[in-house]
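The sequence shown begins at 387 in this note's numbering and counts up one residue at a time. Below is one structure, written out as structure tokens, with a few remarks after it.
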Amino acid sequence: MINNRLLTFKIAFLCCFAFAPVFSSDTLEEAAENEWNVMDPKGVMKTISIDTTETTWSNLSVSKDGETLVFDMLGDIYTMPISGGEASPLVQGFDWNMQPAYSPNGQSIAFISDRDGASNLWIMDANGDNPRQISNEETALIHTPSWSPDGNFVAVTKGFMSSRSIPAGEIWMYHRSGGDGVMVTKRAFGPHTQKNMTDPAFSPDGKYLYYTDDVTPGRIWQYGKNSTTELFNIMRHDLESGESISYIGGAGGAIVATPSPDGEYMAYLKREDTKTVLYLKNLKSGIDRRLSTEMERDHQETFGSEGNFAYFDWTPDGQHIIYWTAGKFHKLHVESLDVTVIPMHVKTEKQVQQAVRFPVDVAPDAFDVKMIRWASMSPKGDSVVYQALGKLYRRDVKSGRVKRLTRQNDHDEFYPSFSRDGKSVVYSTWSDTDLGAVKVVSINGGQGATITTEPGIYVEPKFSPTKDMLVFRRVTGGYLLSPEWSMEPGIYIANIKTKEMEKILERGFNAHFGADEDRLYYTSYVPD
Numbered sequence: 387m388i389n390n391r392l393l394t395f396k397i398a399f400l401c402c403f404a405f406a407p408v409f410s411s412d413t414l415e416e417a418a419e420n421e422w423n424v425m426d427p428k429g430v431m432k433t434i435s436i437d438t439t440e441t442t443w444s445n446l447s448v449s450k451d452g453e454t455l456v457f458d459m460l461g462d463i464y465t466m467p468i469s470g471g472e473a474s475p476l477v478q479g480f481d482w483n484m485q486p487a488y489s490p491n492g493q494s495i496a497f498i499s500d501r502d503g504a505s506n507l508w509i510m511d512a513n514g515d516n517p518r519q520i521s522n523e524e525t526a527l528i529h530t531p532s533w534s535p536d537g538n539f540v541a542v543t544k545g546f547m548s549s550r551s552i553p554a555g556e557i558w559m560y561h562r563s564g565g566d567g568v569m570v571t572k573r574a575f576g577p578h579t580q581k582n583m584t585d586p587a588f589s590p591d592g593k594y595l596y597y598t599d600d601v602t603p604g605r606i607w608q609y610g611k612n613s614t615t616e617l618f619n620i621m622r623h624d625l626e627s628g629e630s631i632s633y634i635g636g637a638g639g640a641i642v643a644t645p646s647p648d649g650e651y652m653a654y655l656k657r658e659d660t661k662t663v664l665y666l667k668n669l670k671s672g673i674d675r676r677l678s679t680e681m682e683r684d685h686q687e688t689f690g691s692e693g694n695f696a697y698f699d700w701t702p703d704g705q706h707i708i709y710w711t712a713g714k715f716h717k718l719h720v721e722s723l724d725v726t727v728i729p730m731h732v733k734t735e736k737q738v739q740q741a742v743r744f745p746v747d748v749a750p751d752a753f754d755v756k757m758i759r760w761a762s763m764s765p766k767g768d769s770v771v772y773q774a775l776g777k778l779y780r781r782d783v784k785s786g787r788v789k790r791l792t793r794q795n796d797h798d799e800f801y802p803s804f805s806r807d808g809k810s811v812v813y814s815t816w817s818d819t820d821l822g823a824v825k826v827v828s829i830n831g832g833q834g835a836t837i838t839t840e841p842g843i844y845v846e847p848k849f850s851p852t853k854d855m856l857v858f859r860r861v862t863g864g865y866l867l868s869p870e871w872s873m874e875p876g877i878y879i880a881n882i883k884t885k886e887m888e889k890i891l892e893r894g895f896n897a898h899f900g901a902d903e904d905r906l907y908y909t910s911y912v913p914d
């Protein structure tokens with residue numbers, strides 16, 4: 387028997403090929419010309435002049451002979467004598483270039499650039515010639531390059547996005563000739579983690595790779611952390627055994643391991659109260675010395691998507707540390723603690739794209755709502771209830787007419803849901819003064835009858851099939867909302883007539899009744 391459907395499909399499929407358009411070479415050339423290129427942006431350009439003796443958040447590196455400083459400023463890379471003076475541009479353009487690092491032999495510079503459309507590792511000659519792309523990431527964020535002592539490898543942070551725009555880092559190594567790279571450290575909680583590992587640095591003997599690790603509990607990155615506690619540790623990874631241990635930590639954390647050239651000392655940063663402080667640790671005795679309290683604020687409270695600080699470096703003789711802070715470059719003698727400012731002057735011009743601006747009426751008397759929330763269709767499909775600007779509205783599907791569902795302006799309204807007969811809507815409310823409640827209102831509108839007997843934070847209310855009961859979730863406050871009436875979170879049911887509430891589950895989300903009232907369904911997190 388012939389399969390007519392299959393035959394028809396094959397005929398249609400072949401016809402698609404038979405009548406496929408033939409693209410001319412002119413069309414392909416035009417498409418290539420219109421392809422987006424970081425280095426050749428479209429639009430109106432203008433020239434701005436820069437004449438400055440200060441920079442912002444400049445990462446730096448010292449050459450092997452100790453004579454030259456390379457640093458970044460506003461996405462360009464410059465060099466200047468370590469004694470100071472006029473800075474010479476090494477890399478300039480529309481791309482963003484940062485975090486330059488001299489190779490051990492001083493002949494190459496590793497740096498990060500987005501010239502291919504994403505942040506990737508590049509290497510160029512020390513004079514800026516022959517730039518070549520090493521990594522080829524399209525989604526992960528590559529940053530914080532650090533050379534191995536033999537000059538064959540560069541360690542970087544590779545930041546991965548999960549469910550939030552917070553890159554969780556792993557430490558990777560790339561051979562200077564390119565390739566796919568090798569993972570050195572793996573994210574502790576797998577692909578779902580939001581915790582960062584960054585700031586890689588090799589020990590001078592090549593045995594270890596130091597890095598900074600977020601040691602706060604769990605896999606979720608949190609705002610509002612207390613940086614005087616222990617947020618980060620400096621870890622030491624044995625490149626032979628593959629074992630990582632916590633090496634430097636304690637109150638105020640420890641970030642940006644920077645070993646001395648002889649490997650006997652470790653410069654690093656920690657927090658003391660609200661100040662970022664530069665420390666020096668004797669790696670034999672473990673004794674710490676405070677070098678400077680006049681450092682720019684580090685990024686311990688943030689997620690460090692490009693590292694935790696503007697990177698500093700030792701002079702080859704191990705007597706000085708060169709660092710940036712407060713707009714200036716500084717040279718610190720590690721024994722006497724004398725600090726001198728290294729003068730710097732950048733005079734250059736940059737092409738910038740003119741910003742696209744539209745006229746905006748800041749406070750019009752009336753405006754169109756562009757976003758609604760919790761749209762709920764009636765069982766018959768003839769109307770929709772949704773929330774906009776904190777209030778519930780009903781829209782007639784046939785006529786398109788919209789009107790307020792409730793008559794009050796004392797609180798905001800959330801999570802509307804129809805009863806199964808379509809005659810009522812249950813929803814939750816919130817007021818910063820009176821907290822929240824669960825209410826029921828007729829589909830024809832009205833004030834809304836309060837069902838809950840206690841204030842609280844209520845979400846996700848749903849009717850039972852017979853409209854005798856409600857199920858809803860009670861959550862805790864204390865972060866953005868009031869912590870009051872938060873002692874017993876969980877899933878509750880309530881009798882609409884008697885208003886009696888009963889807690890039935892400690893945790894869960896989006897609870898709702900089945901076809902009958904004897905069964906509830908809900909969702910819950912399941913560990914990996």
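C-beta: ideal position from N, C-alpha, C; glycine also.
Contact check between the stretch 556–565 and the stretch 523–543: three or more CB pairs, one atom from each, fall below 8 angstroms, which counts as touching. Going by DSSP, D437 is part of the beta strand (DSSP E) stretching over M431 to T438. Within 10 angstroms of the beta-carbon of L655 lie 16 or more other beta-carbons, which makes it buried.
From the listed residues F588, D754, Y844 and S532, the smallest Cα separation to Y651 is found for F588.
Apart from the 5 residues on each side of it in sequence, N522 sits with its Cβ closer than 7 angstroms to the Cβ of N506 in its chain, given in chain order.
Per the DSSP secondary-structure output, L718 pairs in a beta bridge with I707 and V725. Here the alpha carbons of D796 and T584 stand approximately 49 angstroms from one another. For Y594, the uninterrupted beta strand (DSSP E) segment begins and ends at Y594 to D600.
Straight across, the Cα-Cα distance linking P586 with G713 is about 24 angstroms.
If only complete runs of 3 or more residues are kept, the stretch 482–555 shows the beta strand (DSSP E) at 483–488, 494–499, 506–511, 527–533 and 539–546, in order along the chain.
Here I641 is bridged, per DSSP, to L655. Judged by pairs of C-beta atoms under 8 angstroms, the stretch 694–705 does not touch the stretch 665–674, as fewer than three such pairs exist.
Annotation for M425: no beta strand (DSSP E) segment contains it, and DSSP assigns it neither H nor E. P475: member of the beta strand (DSSP E) spanning S474 to V477, first to last residue. The stretch 455–466 and the stretch 479–488 touch, with no fewer than 3 CB-CB distances between them shorter than 8 angstroms. Along the stretch 799–870, the beta strand (DSSP E) occurs as fully enclosed runs of 3 or more residues at 810–816, 824–828, 843–849 and 855–861, listed in sequence order. No residue range can be given for H797, since it is assigned to no beta strand (DSSP E) and is classified by DSSP as neither H nor E.
Per the coordinates, the alpha-carbon of N420 lies some 31 angstroms from the alpha-carbon of D458. Contiguous beta strand (DSSP E) elements confined to the stretch 872–899 occur at 876–881, 887–891 and 895–899, taking only those with 3 or more residues.
With respect to S910, F899 sits apart: the two C-beta atoms are not nearer than 8 angstroms. Sorting D747, V742, S678 and G767 by C-alpha distance to the C-alpha of V725 places S678 at the top. Per DSSP, the continuous beta strand (DSSP E) segment holding H731 begins and ends at M730 to Q739.
Rounded to whole angstroms, the separation of the alpha carbons of E799 and T525 is 39 angstroms. Setting aside the 5 residues that flank it on each side, A637 is surrounded in the same chain by T614, T615 and E616, each with a C-beta closer than 7 angstroms to its C-beta; the list follows chain order.
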